[in-house]
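So the structure is just underneath, and the comments pick up after that.
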Amino acid sequence: MEKILSIDNISKEFGGKTVVNHISFEVYKGEIMGILGPNGAGKSTTIRSIMGIIYPDSGRILFHNHNSKGIPINKIGYLPEERGLYKNVKVMDVLLYLADLKCYPKDKAKKRILEYLEKFNLKGKEKVKIEELSKGMAQKVQFIASILHEPELLILDEPFSGLDPVSQDVFKEEIREIAKGGTSVLLSAHQMNLVEALCNRIFLINEGKKVVYGRLEEIKESFANFKCTINGNNGYNVDFTLFPSVERVESVDDNKVIYFKKGASVNEFLQKLSKDIDIKELHIDRISLHDIFVKIAKGGMNND
Ligand SMILES: Nc1ncnc2c1ncn2[C@@H]1O[C@H](COP(=O)(O)OP(=O)(O)OP(=O)(O)O)[C@@H](O)[C@H]1O
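With the working numbering, the residue at position 80 of the sequence shown is 96, and numbering never jumps.
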């Protein structure tokens, strides 16, 4: 697969504190790559480095074979974490202006703006000023600005935050379509269900360092743990942590969520369950990306 972007061993310090620490990853043509991590992990710093808003202290960033100030920014679309468009300008005017900055032809831009406004349920809003839009509507306009010029690489820093579930789905479908069309997407997001639904590969960062990098299925397999959720009236007198196969247990109301150790036999656990345990419902599931993320963020850095 064609490599579009290489992040090669970059580091960045702010005021003596290393916030990005020797990280490397690649983005390939037409893939959706997720960059994930807890608050303050270094995601936006990495993204801002790609966009040339800040420069890493060491390492290099290559877009095709261009680096640093030589990166043709008009081939990249960017939705920054901090939103904001010119407030007292009309939607159409601001979008045409931004397309012009990317050297995109005006007639094509106008056509695409009208199509996208319709797609994002903003039909007829082209003459409305940005300040008259709701926060979610303005976010849709900013998203349109990032994709309007048909970028080769689209970088989205938390595109779903502040959106209602319907709008999240619209964004999700559009991101999928864009990637199908051959654009590479680098996506930072906290909504693990959306990341799981969208991303081919992920880079998980914590305290500036790589934790996990690779294909989502492979990562899930490498954490190949299961969890068992038992709904029933089991109170505190049932201690599932006494089972050797159990790593930890979470209790939420009448649910006990039992996380198994890697390689543990779920069958053996089920066979050993006492008849006295109250079972109204029982599910066995693979742990989700959300579970993996929480485990890593809480300090379980290794997948063993
Ligand atoms: N311009 C700056 N000056 C000083 N410190 C900064 C600056 N930008 C970021 N940092 C620090 O770098 C660290 C990483 O921040 P960054 O914004 O990259 O995290 P993030 O992973 O995007 O977090 P979030 O999920 O909260 O958006 C944080 O400790 C932050 O305080």
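Ideal Cβ placement from N, Cα and C applies to all residues, glycine included.
How far does the alpha helix (DSSP H) with residue i in it reach, from first residue to last?
i, result
"Lys226", "Not the alpha helix (DSSP H): Lys226 falls in the beta strand (DSSP E), residues Lys225 to Arg231."
"Glu189", "Pro181 to Lys196"
"Asn390", "Here the chain comprises residues numbered 17 to 320, so residue 390 is not present and cannot be evaluated."
"Lys124", "Lys122 to Lys135"
"Val144", "From DSSP, Val144 is part of no alpha helix (DSSP H); its letter is neither H nor E."
Should residue i and residue j be called a contact, given that it needs their Cβ atoms to be closer than 9 Å?
i, j, result
"Val43", "Leu169", "yes"
"Ile191", "Leu179", "no"
"Lys236", "Ala213", "no"
"Asp73", "Lys103", "no"
"Ile163", "Tyr132", "yes"
"Ile246", "Ile293", "yes"
"Val262", "Phe239", "no"
"Phe219", "Lys225", "no"
"Lys366", "His80", "Coverage of the chain is limited to positions 17 through 320, which leaves residue 366 absent and any answer about it impossible."
"Gly75", "Gly198", "no"
"Phe242", "Val282", "yes"
Mind checking which residues open and close the beta strand (DSSP E) that includes residue i?
i, result
"Ser150", "Note, Ser150: premise wrong, no beta strand (DSSP E); not H, not E."
"Leu203", "Ser200 to Ser204"
"Ile66", "Segment Lys59 to Ile66 is the alpha helix (DSSP H) holding Ile66; no beta strand (DSSP E) there."
"Ile321", "Residue 321 lies beyond the stretch modelled for the chain, which goes from 17 to 320, so this question has no answer here."
"Asp242", "Residue 242 is actually Phe in this sequence, not Asp. Here the beta strand (DSSP E) through Phe242 covers Phe242 to Asn247."
"Asp301", "Glu297 to Arg302"
"Lys49", "The sequence given here has Met at residue 49, not Lys. It spans Ile48 to Leu52 - the beta strand (DSSP E) in which Met49 sits, taken as one unbroken run."
Roughly how far, in whole angstroms, is the beta-carbon of residue i from the beta-carbon of residue j, given that I think they are within contact range, below 8 Å?
i, j, result
"Leu95", "Phe159", "6 Å"
"Ser60", "Ile77", "Not quite, the Cβ-Cβ distance comes to about 15 Å (not below 8 Å), so this is no contact."
"Ala57", "Glu223", "7 Å"
"His151", "Lys106", "The residue you asked about is not His; residue 151 is Lys in the sequence shown. Actually they are not in contact, since the Cβ atoms of Lys151 and Lys106 sit about 18 Å apart, beyond 8 Å."
Q) So, do the stretch 137 to 146 and the stretch 56 to 73 have three or more beta carbon pairs nearer to each other than 8 Å? A) Touching, no, given that fewer than three Cβ pairs across the two stretches are closer than 8 Å.
Q) Counting pairs of beta carbons, one from the stretch 193 to 204 and one from the stretch 265 to 272, are three or more of them closer than 8 Å? A) By the Cβ test, the stretch 193 to 204 is not in contact with the stretch 265 to 272, since fewer than three Cβ pairs between them sit closer than 8 Å.
Q | Three CB pairs or more closer than 8 Å across the stretch 218 to 233 and the stretch 38 to 52 | A | They touch, by the three-pair rule.
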